[in-house]
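Structure first, then comments.
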Amino acid sequence: MDEPKEAGDTTGPGGTPPLPFRAAVDALRGARLRPQIEVEPTPAPKRLAPYAHALEAAVVDGEDDLADGRLVLLYDPAGHDAWRGTFRLVTLVRAELESEMAADPLLPDVCWSWLTGALTARGLAFGEPSGTVTRASSHYFGGLSERPSASQIEIRASWTPREGLGGVPDTAAHLVAWCDLLAQVAGLPPAAPGDASVVTLPQRRGPQSR
1 MDEPKEAGDT TGPGGTPPLP FRAAVDALRG ARLRPQIEVE PTPAPKRLAP YAHALEAAVV
61 DGEDDLADGR LVLLYDPAGH DAWRGTFRLV TLVRAELESE MAADPLLPDV CWSWLTGALT
121 ARGLAFGEPS GTVTRASSHY FGGLSERPSA SQIEIRASWT PREGLGGVPD TAAHLVAWCD
181 LLAQVAGLPP AAPGDASVVT LPQRRGPQSR
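Each residue of the sequence shown is one higher than the one before, counting from 1 in UniProt numbering.
Next up, the structure:
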């Protein structure tokens with residue numbers, strides 16, 4: 001773990017946001033993350049919930065990105081039937097893979113288990129998980145034929161973090177778990193000895209230039 005990294009950009013209907021949302025955002029800003037993961041502010045969506053806070057992150061090796069993603073914290077004080085709670089976390093994670101790995105029929109199930117496993121490994125309670133795992137391959141022709149074929153994995157997901165004291169979920173821990181997922185997709189070694197929440201990906205494609 002390294003020094004806290006700030007991220008944010010909060011949207012709301014105006015005025016001072018409710019205390020539970022402010023506390024959840026403050027916890028995100030104070031999370032201690034792996035030094036290979038860079039977090040930056042990004043504009044939050046304005047139509048998904050009355051209040052939203054967003055960040056983007058990249059797993060960095062020198063000047064190269066190994067994986068990147070976006071995490072959005074949504075808050076609706078009135079609650080949301082589909083969420084079964086007042087908070088919701090929404091994410092997008094992407095990384096390049098070797099074509100052989102992308103062709104593995106078990107890959108989508110494995111990638112989904114990485115997400116739920118990262119949350120469970122951190123001891124986090126959550127509900128109503130949903131999402132998609134998409135594989136995409138690009139093949140180049142004509143003037144681009146010298147480029148090697150490329151394959152990408154993309155995970156889009158959302159879940160409801162269980163609320164704690166004062167109706168506030170442990171968003172810092174959810175952010176750390178999400179970063180575990182990013183590291184896993186990027187092929188980084190475990191964050192600590194015996195940490196089974198991060199598994200190295202074999203046959204990684206070379207780092208992507210930033």
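Beta carbons are placed, not taken as given, at the ideal position from N, Cα and C, and that holds for glycine.
Leaving aside the five residues before and after Leu165 along the sequence, list all residues of the same chain whose C-beta is less than 8 Å from its C-beta, in chain order. Stepping through the sequence shown from its first residue, residue 165 is reached at position 165. Here the set comprises nothing.
Does the beta-carbon of Pro77 have 16 or more other beta-carbons within 10 angstroms, so that it is buried, or is it exposed? As a first step, residue 77 must be located in the sequence shown, where it is residue number 77. The residue in question, Pro77, is exposed, as its Cβ has fewer than 16 Cβ neighbours within 10 Å.
Would a C-beta distance cut-off of 8 Å place Arg156 and Gly131 closer than the cut-off? Here residue 156 refers to the residue found at position 156 when the sequence shown is read from its first residue. Here residue 131 refers to the residue found at position 131 when the sequence shown is read from its first residue. Yes. Within cutoff.
Closer than 8 Å by C-beta to Asp170: which residues in its own chain qualify, once you throw out the five before and the five after it? Chain order, please. For this step, residue 170 is matched to residue 170 along the sequence shown. So the list reads Ala27, Leu124, Pro161, Gly164, once near-sequence residues are dropped.
So what does DSSP say about His80, is it helix, strand or coil? Counting from 1 along the sequence shown, the entry for residue 80 is found at position 80. DSSP places His80 in strand when its eight states are reduced to three.
Just checking my contact of Ala67 with Ala95 at CB under 8 Å: how many whole Å lie between their CB atoms? The residue you call residue 67 lines up with position 67 of the sequence shown. The residue you call residue 95 lines up with position 95 of the sequence shown. Confirmed, Cβ separation roughly 4 Å.
Going by Cα to Cα distance, which pick from Pro35, Arg22, Gly117 is closest to Phe87? The sequence position of residue 87 within the sequence shown is 87, counting from 1. Closest by alpha carbon: Arg22.
What are the partner residues of Tyr75, as DSSP defines its beta bridges? Position 75 of the sequence shown, counted from the first residue, corresponds to residue 75. Tyr75 pairs with Tyr51, Phe87.
Tell me, please, which residues DSSP counts as bridged to Thr116. Stepping through the sequence shown from its first residue, residue 116 is reached at position 116. Paired residues: none, contrary to the question.
For the alpha helix (DSSP H) that contains Ala186, what are its first and last residues? Looking up residue 186 in the sequence shown gives position 186. Taken as a continuous stretch (DSSP letters only), the alpha helix (DSSP H) holding Ala186 covers 171-186.
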